[in-house]
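Worksheet: the structure to be examined is printed underneath.
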Amino acid sequence: MIGTLPTLKRSAMTLKNMSNMNRYRVLNEQILNVRNKPIHLEIGGIEHLKFDHNDVMLESATTSLQLHTQVPLDQAHHFYNASIIASAAVVASCANAPYLFGKNLWHESRIPLFEQAIETGGYGGSDRGPLKRVSFGSGYARASIMECFQENLEHFPILLPELFFEPLANFDHLRLHNGTIWRWNRPLIGFDEDGTPHIRIEHRTPSAGPTIIDSIANAAFYYGLSKNLCDEIIATGIPLDFAQAKDNFYQAARYGLDSHITWFDGEKHSLHKLLQTDLLARARKGLQSLSIASADIDTYLNIIEQRIANKQTGSQWQRQFMQQPQATLQSMTQAYLTHQYSETPVSQWELH
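Just so we're aligned: the sequence shown equals residues 184 to 535 in this note's numbering.
Pasting the structure below:
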């Protein structure tokens with residue numbers, strides 16, 4: 184479990200290694216038809232990565248922990264907005280993807296990689312120009328989560344044309360189209376076991392890993408923080424401009440715990456300090472409001488707290504390992520796997 188495999192080679196990114204699912208092959212054909220040119224990847228981080236690729240297989244280099252929250256329809260836009268605000272803290276504290284094709288890039292290199300791996304614009308007409316299919320989104324949902332689905336209809340051409348003959352109440356066309364627009368926080372329509380439709384907010388920013396217990400802790404932190412922020416939004420309104428939330432997210436993805444973000448007072452803060460002085464407490468309050476057992480809250484948020492205190496995310500551990508004499512991406516990956524099997528949280532990993 185890792186965000187991007189450090190030893191991955193570009194030679195593995197070929198269609199012969201693609202899943203046999205027809206959806207992926209059609210998606211590859213459609214995206215290349217729309218672009219009418221190769222995929223261009225360029226990421227500037229500590230090092231620089233730049234090349235062209237002839238299919239969408241670069242997408243397969245990213246591995247995430249996707250967290251879903253089923254929410255009441257009348258509150259769904261509040262949860263969506265809260266998830267947007269929480270994204271910077273989550274992506275930084277869960278960062279686990281610094282290396283890609285041998286280059287040391289962002290703390291969370293998955294973000295620019297995925298955005299560029301299937302980059303296609305939508306229709307014009309937006310005051311920001313054509314919207315991108317993979318993005319942080321275009322803004323908050325102001326009155327209803329349905330604004331996102333309306334935006335899908337108005338700004339994005341159909342990428343996977345398919346006829347469905349089931350009842351319209353199944354939302355088959357809507358769900359398929361929504362599945363080809365990858366906001367980092369994405370609303371989904373699904374169904375309960377009894378057939379009742381529901382809304383979920385899918386949060387896509389965290390990397391996979393480093394361990395199972397780290398992943399559970401990451402989920403606890405996100406669920407608690409987003410619930411607390413949602414409660415505040417319902418009570419007093421949205422406390423942060425969308426443009427600031429967006430900038431916070433990309434700063435956090437690039438610089439991790441060393442980033443500085445704009446917070447509710449309009450001032451720049453060290454994200455590392457903000458996590459310690461505010462955001463961890465918010466996550467705890469959020470989990471308490473969800474009636475999560477105190478012992479579970481302590482167990483999992485203590486893992487995040489220790490990670491923050493030690494400034495050792497999965498990304499930071501990988502970079503520190505590579506600073507050792509004679510270290511290679513292969514030896515680092517082997518050590519990473521050994522630690523992962525130990526089921527010890529990444530905050531406690533040593534450099535061997």
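No residue lacks a Cβ here, since even glycine has one placed at the ideal position from N, Cα and C.
All of these numbers come straight from a predicted model, not from anything done at the bench.
The beta strand (DSSP E) enclosing residue i, as first and last residue numbers
i    : result
T252 : L250 to V254
F347 : Per DSSP, F347 belongs to no beta strand (DSSP E) and is neither H nor E.
K233 : H231 to H236
Residues that DSSP places opposite residue i in a beta bridge
i    : result
Y282 : N287
P370 : I384
G227 : H231
W365 : V317
S390 : S247
I222 : H236
Min CB distance residue i to chain B below 8 Å
i    : result
H290 : Absent here is chain B; the protein component of the structure consists of one chain.
Own chain residues within Cβ distance below 8 Å of residue i, not counting five before or after
i    : result
L232 : L224, E225, I226, L283, F284, K286 and L288
P380 : A352, F354, I372, G373 and F374
Q506 : none
T496 : A275, S276, C277, A278, N279, H290, G439, L440, R490 and V529
Same chain, Cβ closer than 6 Å to residue i, five either side skipped, listed in chain order
i    : result
K494 : L440
L188 : none
W532 : W500 and H522
S321 : L314
E623 : Residue 623 lies beyond the residue range present for the chain, which begins at 184 and ends at 535; the question has no answer from this structure.
R468 : Note on residue identity: the sequence assigns Lys, not Arg, to residue 468. N411, listed in sequence order.
F432 : S270, A271 and F319
E330 : A324
Residue interval of the alpha helix (DSSP H) (run including residue i)
i    : result
R325 : Taken as a continuous stretch (DSSP letters only), R325 belongs to no alpha helix (DSSP H), as it is neither H nor E.
I267 : A259 to S276
R218 : N205 to R218
K410 : I395 to T419
R193 : Looking at the DSSP string, R193 is not in any alpha helix (DSSP H), and its letter there is neither H nor E.
Nonlocal neighbours in the same chain, by C-beta distance under 7 Å from residue i, ignoring five residues either side
i    : result
H356 : F347
I396 : I486, E526 and P528
Q523 : M184, G392, P393 and T394
P221 : D235, H236 and N237
Q513 : T190
I341 : H360
V209 : L343
L241 : M196, I222, L224, L296 and A300
S129 : Here the chain has residues from 184 to 535 only, and residue 129 is not among them.
C413 : H261, F262 and A265
H452 : H443, I444 and W446
beta-carbon residue i near the ligand SAH non-hydrogen atom, thresh 7 Å
i    : result
H261 : Ligands are entirely absent from the displayed structure, and the ligand SAH is therefore not among its contents.
- Given 8 Å as the limit, is there contact between the region 401-408 and the region 478-495, that is, 3 or more CB pairs closer than that? yes
Exercise for review: Run through the region 429-486 for me and flag every whole alpha helix (DSSP H) of 4 or more residues, listed as ranges in chain order.
Suggested key: 454-457 and 463-472
Discussion item. Pairs of beta-carbons, one from the region 290-297 and one from the region 227-244, closer than 8 Å: are there three or more?
Written reply: yes
**Asked** Would you call the region 461-474 and the region 233-249 in contact, with 3 or more CB pairs under 8 Å?
**Response** no
inquiry  = Pairs of beta-carbons, one from the region 495-514 and one from the region 368-383, closer than 8 Å: are there three or more?
reply    = no
Exercise. Report yes or no: do three or more beta-carbon pairs, one from the region 513-532 and one from the region 468-480, lie closer than 8 Å?
Key: no
**Study point:** Cβ contact check for the region 257-273 and the region 198-208: 3 or more pairs under 8 Å
**Key:** no
- Could you pull out every unbroken alpha helix (DSSP H) segment of at least 4 residues lying fully inside the region 488-519, listed in chain order? 497-505
Touch check for the region 448-455 and the region 380-394: three-plus C-beta pairs under 8 Å? no
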